[in-house]
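With the numbering used here, the residue at position 436 of the sequence shown is 455, and numbering never jumps.
The beta-carbon is built from N, C-alpha and C at its ideal position, and this holds for glycine as well.
Heads up, the thing below is written out as structure tokens.
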Amino acid sequence: MAERKETESRKLLGRLRDAMAGAAAGQERLDKITHLIATSMQCEVCSIYLFRDEDTLELCATEGLNAEAVHETRMKLGEGLVGRVAKFRRVINTPDAPQALGFRFMPETGEEIYSSFLGLPVQRLGETLGVLVVQSKIAREFSADEVYGLEVVAMVLAEMTELGVFVGEGAAMSARHTQSVLLRGIVAQEGVAEGHVWLHEPRVVVTNPIADDPVRETERLTEAVDALRMSVDQMLTMAANGDKDQQQVLETYRMFANSKGWMRRMLEDIENGLSAEAAVEKEQSLARARMTQSTDAYLRERLSDLDDLSNRLLRILTGQGADTGAEMPADPILVARNIGPAELLEYGRSLRGIVLENGSVGSHAAIVARALAIPLLVHAGRITNDALNGDHIMVDGEQGIVHLRPDDMVANAFRDKIAMQAAAQERYSAIVDKPAQAKCGQVIALHMNAGLMADLPSLRSSGAEGVGLFRTELQFLVRNKMPKRSELSALYARVLDAAGDKRVVFRTLDIGSDKVLPYMKPNEEPNPALGWRAIRVGLDKPGVMRMQLQALIRGANGRPLTVMFPFVAQFEEFRAAQKEVDKAMAREEKLGHVLPSALEVGAMLETPSLAFAPEKFFEDVKFLSVGGNDLKQFFFAADRENERVRRRYDTLNVSFLTFLEGIVERCNRTNTDLSFCGEDAGRPVEALCLAAMGFRCLSMRPASIGPVKSLLRRCNLDEVRDVINRARARGEMSVRSDVMEYIKTQHQT
Ligand code: PEP
Ligand code: MG
């Protein structure tokens, strides 16, 4: 019996393939398919519903229901039995449809006379494209074999939809990959970019979902799985002495690669008429569907491992390696699920923009993208499913929007926006050599933040007075092993060479929280942002800090050196760090190295506690730099990486400004140099308010220097301060709208 069923399924797939091979239009093909399925399943009705938009399904073809209902009958996700199949991505198999939970009567289809209902999601790689339904008058439940057979058909349908075989005149719908898509994401690096998609991991395209020689397909699958197993074993041998986590992942890969259940299910699919590739993809689809539904983080990770392994297997089978032979477009916009900092650095500045499906604003990749000044959006829907290599794409890193395959109207509006930005850039370059002098005469020093050698040329082009924050951890994050002292000192020397007589503030290693070094044992902490990070790690495990201080002294090689410690929460920590510097100097001198001609040691003020440190601290520390990103998150108790709470509190909230004002006053009283180097320093309105509150030095990403300088030069800081004071006296929560009103009255220079 089972043997006969398999043959039936294969026969049906064979007929489907023949139906597809003719040069019929999209609608005709769909009609043929519904007819073939209904006949083969001995059912009166077979219907195909496809998504019209994100939450509307449309009846696109039917055998048995009223033909007039085609393209007329629509339902929302979750509505009726069909909507429920799509929403929950589950099969509904019932002998008595009108009595089933969620049934909705649709008179225009004439379906009330059909008792039994079998509906399956048409899904590909975890994405539901539509619903396939068969119905019959006789009240019966469909057998497991029948359900399974139809699942295989649904899978092939999904592949065909993906390949766009239903497009054409009178088409049911245009191919998914030809439609314009608008995706929303979170801005991790501002800027706008137009270009063409370059997929970091190109999707494997299965062009032959149906195969009629199961023996041959079984052979192909077995060979490919053997090759896969061998490559996993090889990777394991290579990783034998290395990282434990990597080994664990590979062990999981090996377990999956040797899983009998996985193999058996794929072989069954082949018996039922699928090609080896389609069988792999069917399993992968199921895993992805489970992945999106599971709330268990461990299970999700394992399913993600399986997903990765399936991709490898598909590449072996199709010969479409990571290198597909496709050429990177001249204006590439990188699209990926996620990417590591090292991989991103390899692409370097060739990229126009980056769009990630996962990732986070504070991730390493985001730090690198920021350093490279490449617009980056994270959490951008399911972009890796929607985009194909070479697609036209526009990234709006101001609004957090991606336009994929935009229509002309959108593209033109977007280009206007780019042109406006270019015009603004021109205005900025006209003032690059002018000081950031406000109308009241006050001059604000504008410095830039950096972290890579590649940033240094911006020192000249942006007009920055120096590097106010050099994030040294980037050099540690982009490697897969701890950098050597000699490597670091050579790098610091090159940074100082490139900076010439401009000052560079080297911040010592700021790791922990979200910045995890791949080669250091991760720390399971319930609240890593409040955990063992930055100077806390440096002081508890001083080996790395000492090595870095030596590298800095050697890199300076007789030139002035400025060192800053991150995340100092109390005076004692600064004292201990200062002692380490003193010891390093003494040691270097003893070893005969040239000492820096001048040495300044400062601290970052990133926790509210430090603002209330003893007066002696303010007297002892050479300078302070407010790390507004961290300070703000601790001031408002709002995680800087949690998108839900991050935007809730405005930097221009009067409580925060009053707090900053207190810091300025203490520093003025004690003659302590003060700057602000968080991201807010690079936002023009915020920068203006910081200057009005008394900050005389701001450090920001190079691209922000022009806009900030331009606004400062248009405004009078005394007047801004009055605006702030008046808003504060009125009891406003934020001074933003008042300051914006003031700015509007100031003329463009
Ligand atoms: C800050 O916290 O404001 C800062 C500059 O440091 P980072 O963003 O690297 O934590
Ligand atoms: Mg910080």
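Distance from the Cα of residue 474 is smallest, within the candidate group 299, 210, 721, 179, for 721. In the DSSP annotation of this structure, residue 62 is not part of any alpha helix (DSSP H), being labelled neither H nor E.
Inclusion of residue 120 and residue 101 in the CB contact set at 8 Å is not warranted, their separation being larger than that value. Boundaries cannot be given for residue 520, as no alpha helix (DSSP H) includes it and DSSP labels it neither H nor E. Burial of residue 636 is indicated by the presence of at least 16 other C-beta atoms within 10 angstroms of its C-beta. Rounded to the nearest angstrom, the gap between the Cα atoms of residue 512 and residue 387 is 21 Å. Put simply, the residues with a CB less than 7 Å from any heavy atom of the ligand MG are 529, 585, 586, 623, 625, 646, 648, 649, in chain order. Taking one beta carbon from each stretch, the region 272–280 and the region 240–252 have 3 or more pairs nearer than 8 Å; the two touch. The beta carbon of residue 71 is closer than 6 Å to those of 77 in its chain, skipping five residues each way along the sequence. Judged by their CB atoms, residue 592 and residue 530 are not nearer to each other than the 8 Å cut-off.
When secondary structure is reduced to three states using DSSP, residue 538 falls in the coil class, being assigned neither helix nor strand. C-alpha of residue 94 to C-alpha of residue 74: approximately 8 Å in a straight line. Annotation for residue 230: 236, 294 place their beta carbon closer than 6 Å to its own, counting only its chain and skipping 5 residues before and after.
The region 557–567 makes no contact with the region 618–630; the number of CB pairs closer than 8 Å stays below 3. For residue 371, same chain residues with a beta-carbon under 6 Å away, outside a window of 5 residues either side, are 212, 214, 350, 352 in chain order. Beyond the five residues adjoining it in sequence on each side, residue 691 comes within less than 7 Å, by CB distance, of 637, 640, 642, 643 in the same chain, given in chain order. The C-beta distance from residue 239 to residue 181 rounds to 21 Å, too long to fall under 8 Å, and the pair is not in contact.
Per DSSP, reduced to three states, the secondary structure at residue 687 is helical. Placement of the Cβ of residue 697 at a distance of less than 7 Å from at least one heavy atom of the ligand PEP is found. Using a cutoff of 7 Å, the CB of residue 665 does not count as near the ligand PEP, since none of the ligand's heavy atoms is closer than that. Where residue 150 is concerned, the enclosing beta strand (DSSP E) starts and stops at 146–155. Beta-bridge partners assigned by DSSP to residue 420: 203, 415.
Between the ligand PEP and residue 488, a heavy atom-to-CB distance of less than 7 Å is present. Setting aside the 5 residues that flank it on each side, residue 48 is surrounded in the same chain by 38, 39, 184, 185, each with a C-beta closer than 7 Å to its C-beta; the list follows chain order.
The alpha-carbon of residue 732 is positioned some 28 Å away from that of residue 666. For residue 718, the uninterrupted beta strand (DSSP E) segment begins and ends at 716–719.
Straight-line measurement puts the Cα of residue 437 at about 30 Å from the Cα of residue 489. Contact between residue 397 and residue 379 is confirmed by a C-beta separation of about 6 Å, below the 8 Å threshold. Residues 103, 106 of the same chain have their beta carbon placed closer than 7 Å to that of residue 97, with the five preceding and five following residues left out of the count. Secondary structure note for residue 557: its alpha helix (DSSP H) is the uninterrupted segment 554–559.
Sixteen is the threshold: since fewer than 16 other Cβ atoms of the shown chains lie within 10 Å of the Cβ of residue 663, the residue is exposed.
By the neighbour-count criterion, in which 16 or more other beta carbons inside 10 Å mark a residue as buried, residue 466 falls on the buried side. The beta carbon of residue 449 sits closer than 7 Å to none of the beta carbons in its chain outside the five residues before and after it. Counting the other CB atoms within 10 Å of its CB gives residue 228 a total of 16 or more, which places it among the buried residues.
Shown here for residue 200: same chain residues with a beta carbon closer than 6 Å to its own, the five before and five after excluded, namely 405, 423 in chain order. Minimum Cα-Cα distance from residue 31 among the listed residues 50, 57, 45, 46 corresponds to 57.
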